[in-house]
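Participant: Residue numbers are given in my numbering: position 135 of the sequence shown equals residue 120, and the series is strictly consecutive. Provided herewith is a single structure, encoded as structure tokens, for subsequent inquiry.
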Amino acid sequence: MKIAERIRTHSEVRICSHIDADGIAAAGIASHALDGIDVEHSVTFVKNLDEQVVEELRNENDELVWFTDLGSGSLEMLSGLSFVVTDHHVPSDVQSRIDEEQILEVNPHRVGKDGALDISGAGTAYLVALALDRVNVELASLAILGAVGDMQDQSNLKLVGTNRSIMEDGRRAGVLDWLMDARFFGRETRAIPRILQYSNDPRLPGL
Ligand SMILES: [Mn+2]
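The following block contains the structure:
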């Protein structure tokens, strides 16, 4: 994978990630993977990528910025930075107009997959981590944490597509497992009548 090759050529990388569950899981995956190949790195979390954030990143003069769980929608803002992107948000269409060698990006939308269901930001970072070293299959649990954090299981009541293969990776590696169960928020802390009253998955009409 080209992104993995590119990352390998650097001794220092800045990870820049979205500050939500998926983004934090993605940064965790990237950080573990870089630790594994002895690449120095730091992590910056941002709410979103705007001109000010990008300007601050430019001033840092990093060898390489690895954007996780963001970046694809802001490619046109990133000129002047040396970067790679692992993201699942809808991309700006810059990629088609720029030489592929310049923008290295993993994004399900680029291959006709649904970025809301198929894979999360953490999942895309996991694919790069795997390409860096197969030992990173142990990070499958973080990739699934990101997918669930982004509620990618909600419309099918289960994870599907690439997320499903990552689950299987994780089970084979012994780092995660799953079972059929009812999902109620607060099942550890709330009284049963309250759990049922506030349930929205499944929704219980009349309660
Ligand atoms: Mn995400």
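Think of the CB as a built atom: it goes at the ideal place given N, C-alpha and C, for glycine as much as any other residue.
Just to confirm, is the Cβ distance from A110 to A6 under 9 Å?
Facilitator: Their beta carbons are not under 9 Å apart, which means A110 does not touch A6 by this criterion.
Participant: Check whether the Cβ of D35 lies closer than 8 Å to any heavy atom of ligand 1, and answer yes or no.
Facilitator: No, ligand 1 has no heavy atom inside 8 Å of this Cβ.
Participant: From the DSSP secondary-structure annotation, give me the bridge partner or partners of R179.
Facilitator: According to DSSP, R179 bridges with nothing at all.
Participant: Is I177 buried or exposed, if buried means 16 or more other CB atoms sit within 10 Å of its CB?
Facilitator: Label assigned to I177: exposed.
Participant: Identify the residues that DSSP records as bridge partners of W51: which are they?
Facilitator: BP columns for W51 point to I0 and V69.
Participant: Roughly how many angstroms lie between the CA atoms of V31 and D138, to the nearest whole one?
Facilitator: Roughly 25 Å separates the two Cα atoms.
Participant: Can you grab the Cα-Cα spacing for the pair L19 / Y183, in whole Å?
Facilitator: One C-alpha to the other measures close to 42 Å.
Participant: Using 8 Å as the cut-off, can you tell me whether the stretch 24 to 38 makes contact with the stretch 134 to 148, which would need three or more C-beta pairs spanning the two stretches below that distance?
Facilitator: As far as the Cβ criterion goes, the stretch 24 to 38 does not touch the stretch 134 to 148, which means the pair count is below three.
Participant: Can you have a look at R(-1) and say buried or exposed, based on whether 16 or more other CB atoms are within 10 angstroms of its CB?
Facilitator: Buried.
Participant: Could you give the DSSP three-state label for L89: helix, strand or coil?
Facilitator: Here L89 sits in strand by DSSP.
Participant: Counting C-beta neighbours from all protein chains within 10 Å, is the total for F52 16 or more, i.e. buried, or is it exposed?
Facilitator: So F52 counts as buried.
Participant: Would you say S59 touches ligand 1, meaning its beta carbon is less than 8 Å from a heavy atom?
Facilitator: False, no ligand heavy atom lies under 8 Å from that Cβ.
Participant: Write down every uninterrupted run of the beta strand (DSSP E) in the stretch 85 to 168 whose length is 3 residues or greater and which is fully enclosed by it, in chain order.
Facilitator: Whole beta strand (DSSP E) segments, 3+ residues: 89 to 91.
Participant: Could you round the C-beta distance between E36 and M62 to whole angstroms and report it? I think they count as a contact, below 8 Å.
Facilitator: With 8 Å as the limit, E36 and M62 qualify as a contact, their Cβ atoms being about 6 Å apart.
Participant: From what residue to what residue does the beta strand (DSSP E) around V28 run?
Facilitator: E25 to V31 is the span of the beta strand (DSSP E), which, as asked, contains V28.
Participant: Could you give the distance in angstroms between the alpha-carbon of E85 and the alpha-carbon of I180?
Facilitator: Here E85 scores only 49 on pLDDT, less than 50, and its place in the model should not be relied on; the value that follows carries that caveat. Roughly 51 Å separates the two Cα atoms.
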